[in-house]
Amino acid sequence: MARAAGSYSRIVAWLKVLLPLVALALLSTLFLLSRSNEPALDVPFAEALGAGETARERIGAPFFSGTTARGDALTMTASAARPQGAGVIEADALSARLLLSDGSRIELRSDRATLEDESRSATLSGDVQITSSNGYVLSTDALWSSIERTEAQSLGPVTGSGPHGTLSAGRMRIEEAAGTGDVQFLFTGGVKLVYDPQP
12 MARAAGSYSR
22 IVAWLKVLLP
32 LVALALLSTL
42 FLLSRSNEPA
52 LDVPFAEALG
62 AGETARERIG
72 APFFSGTTAR
82 GDALTMTASA
92 ARPQGAGVIE
102 ADALSARLLL
112 SDGSRIELRS
122 DRATLEDESR
132 SATLSGDVQI
142 TSSNGYVLST
152 DALWSSIERT
162 EAQSLGPVTG
172 SGPHGTLSAG
182 RMRIEEAAGT
192 GDVQFLFTGG
202 VKLVYDPQP
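Counting from 1 along the sequence shown, just add 11 to a position and that's the residue number in the working numbering.
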């Protein structure tokens, strides 16, 4: 009986040492396997750029498709895209289309764009064109747009035409209206509208 008790005590003593060591080894393996030397890019075009591209190379005609938080369909294309590091991608000749849940659409075009992973946004620059199916055809020098929300704003004056005539304004915002959920264009900062009555 004493021998059995002694064996039991030795087994318990060994388990007290072995089990924490096994747990430590499992945790170490988990952390080692989860580490990555490459920064994670989640912005549009990142998947294509991650396929063997380096910072000095570029990929031609990248394509991105996704949905915003409210369910609007977003597609983006460009003539070329280049990673800049730290979750930033630069794109040339960007075209974006937002198909809203009510069937209307907003299209954006620009000479250049900078897409940032951290802010989940894109900054369009160089002859930015905004066209909507409800009659707006606008241009500005620069525009900021969210990638995950239906939201955009010009970074300078806008000019163009709308459903009721030609207009100019110091700033423009595209956002979801509170209460109704409709997407609306808001113009501020010295808005000038030349009314053109329809025949």
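For glycine and all other residues, C-beta sits at the position ideal for the given N, C-alpha and C. It should be emphasised that the depicted structure is a prediction, and the values quoted were computed from it without experimental measurement.
Name the DSSP bridge partner or partners of Y206? Looking up residue 206 in the sequence shown gives position 195. DSSP lists G176 as the bridge partner or partners of Y206.
Check whether the stretch 165 to 178 and the stretch 86 to 95 are in contact - that is, three or more C-beta pairs closer than 8 angstroms. No, the stretch 165 to 178 does not touch the stretch 86 to 95.
Select from D113, L149, L154 the residue whose C-alpha is nearest the C-alpha of R123. Your numbering for residue 123 matches position 112 in the sequence shown. Checked all of D113, L149, L154; the closest Cα to R123 is L154.
Can you check which of these residues, I117, R160, L166, is closest to I141 by C-alpha distance? As a first step, residue 141 must be located in the sequence shown, where it is residue number 130. Ranking I117, R160, L166 by Cα distance to I141 puts I117 first.
Report back the beta-carbon spacing between G201 and A188 to the nearest angstrom; my notes put them in contact at under 8 angstroms. On the sequence shown, position 190 is the one that residue 201 refers to. On the sequence shown, position 177 is the one that residue 188 refers to. The Cβ separation is near 23 angstroms, so there is no contact.
Compute the beta-carbon to beta-carbon distance between G171 and L149, rounded to the nearest angstrom, for a pair I have assumed lies under 8 angstroms. Indexing the sequence shown from 1 puts residue 171 at position 160. Indexing the sequence shown from 1 puts residue 149 at position 138. The pair is a contact, with the Cβ atoms about 4 angstroms apart (cut-off 8 angstroms).
F74: buried (16+ other C-beta within 10 angstroms of its C-beta) or exposed? Residue numbering aside, residue 74 sits at position 63 when the sequence shown is read from its first letter. By the neighbour-count rule (16 or more Cβ atoms within 10 Å), F74 is not buried but exposed.
Alpha-carbon to alpha-carbon, Y147 and F198: Translated into the one-based positions of the sequence shown, residue 198 becomes position 187. Translated into the one-based positions of the sequence shown, residue 147 becomes position 136. In this structure, the alpha-carbon of F198 lies about 12 angstroms from that of Y147.
Taking only three categories from DSSP, how would you classify T86? Counting from 1 along the sequence shown, the entry for residue 86 is found at position 75. In the structure shown, T86 sits in a strand (DSSP, three-state: E or B).
Separation of D103 from T79, as counted between CA atoms: Taking the first residue of the sequence shown as 1, we reach residue 79 at position 68. Taking the first residue of the sequence shown as 1, we reach residue 103 at position 92. Cα to Cα, the separation comes out at about 23 angstroms.
Over the uninterrupted beta strand (DSSP E) stretch that includes L103, give me the two end residues. In the sequence shown, the residue the question calls residue 103 occupies position 92. As written in the sequence, residue 103 is Asp, which differs from the Leu given in the question. Counted as a single uninterrupted DSSP element, the beta strand (DSSP E) harbouring D103 occupies residues 99 to 110.
With 16 other CB atoms within 10 Å as the buried threshold, where does A72 fall? Numbered from its first residue, the sequence shown carries residue 72 at position 61. With fewer than 16 other Cβ atoms within 10 Å, it is exposed.
When you compare only the Cα positions, how much space is there between R160 and R81? The residue you call residue 160 lines up with position 149 of the sequence shown. The residue you call residue 81 lines up with position 70 of the sequence shown. Straight-line Cα distance between these residues: approximately 7 angstroms.
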